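In what follows, a single structure is set out as structure tokens and then discussed.
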Amino acid sequence: MKNIIFIAPPLAGKGTQSNILKERFGYNHFSTGAMLRESVESDSPLGVRVKNIIDKGSLVSDDIIISLMKENLTKDKEPFILDGIPRTLNQAKSLDEIIDDNYEVIYLELRENDAIKRVESRLTCDCGKIYNINDELLKPKQLNKCDSCGKPLEKRNDDTINTLKLRFQKFNANIEPLLEYYKKKNKLHKIDVNRDILEISKDIMRIVAND
Ligand code: AMP
105 MKNIIFIAPP LAGKGTQSNI LKERFGYNHF STGAMLRESV ESDSPLGVRV
155 KNIIDKGSLV SDDIIISLMK ENLTKDKEPF ILDGIPRTLN QAKSLDEIID
205 DNYEVIYLEL RENDAIKRVE SRLTCDCGKI YNINDELLKP KQLNKCDSCG
255 KPLEKRNDDT INTLKLRFQK FNANIEPLLE YYKKKNKLHK IDVNRDILEI
305 SKDIMRIVAN D
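In case it helps, my numbering puts the sequence shown at residues 105 to 315.
Printed below as a string of structure tokens:
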């Protein structure tokens, strides 16, 4: 199996797809967003620096993100999924100095209006599970309780319509050079995510399976 790099606007389901692929095929999952939120929760020096940036929908600096990746992405972690990196061309170039060439890039395409429909009903759990109370496949079995660990579900601070719009602006400002970069490397695959999540996982697996 090849390593996977997800590029996606907010709410496109990169976390959900990562969880499915992790459970079914044993991928290691690296979410820069989750790592940063953990550092905020634990009040670490990094968390103190990034809290406001995340809450207002901005991007954390490339330097911070690249050192997070250098610390965590070692060869023994393959096969892995990168969920949330790269978000800038600079990050993509630095990443290529850290990881080898055995990866495919999956661009999960979602329009802003469809993301807005998803944002108000998304809930998350500390353990990494992601729910959406308006989606039959993503609803928790019990209201506000995680199916896996039983903890109460939470709403992310940045899951508001206003912050979502800012997150989309940041995404739109950076996406074209990123797509161009991976297209030239022949690694780019686009997937429309406005459909059944299991169909999306199958498409991803077809792309990354080694024949
Ligand atoms: P996510 O969980 O991927 O939606 O990320 C949540 C937030 O973490 C983003 O809105 C950014 O503020 C920050 N973040 C996560 N990954 C990156 C990255 N690769 N570069 C810059 N900021 C990031």
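For every residue, glycine included, the Cβ atom is placed at its ideal position computed from N, Cα and C.
Given the structure is predicted, the values throughout are model-derived calculations rather than measurements.
Relative to the Cα of Phe184, the nearest Cα in the group Gln121, Asn132, Leu292 belongs to Asn132.
A direct Cα-to-Cα measurement between Glu258 and Ile169 gives close to 25 angstroms. The C-beta distance from Ala138 to Gly232 rounds to 7 angstroms, short enough to fall under 8 angstroms. Boundaries of the alpha helix (DSSP H) harbouring Glu175: 166-176, taken from the DSSP string. Assignment of Val297 by DSSP, reduced to helix, strand and coil, places it in the coil class.
The beta carbon of Glu182 sits closer than 8 angstroms to the beta carbons of Asn107, Asn132, Asn206 from its chain, once the five residues preceding and following it are set aside; these are given in chain order. In the structure shown, the three-state DSSP call for Arg215 is coil. Counting other Cβ atoms within 10 Å of its Cβ, Thr136 reaches 16 or more and is therefore classed as buried. Between the stretch 262-279 and the stretch 152-171 there are three or more inter-stretch CB-CB distances shorter than 8 angstroms, so the stretches are counted as touching. For Leu241 and Ile210, the gap between their C-alpha atoms comes out near 22 angstroms. Residues of the same chain with a CB within less than 7 angstroms of the CB of Ser305, apart from the 5 flanking positions on each side, are Gln121, Ile124, Leu125 in chain order.
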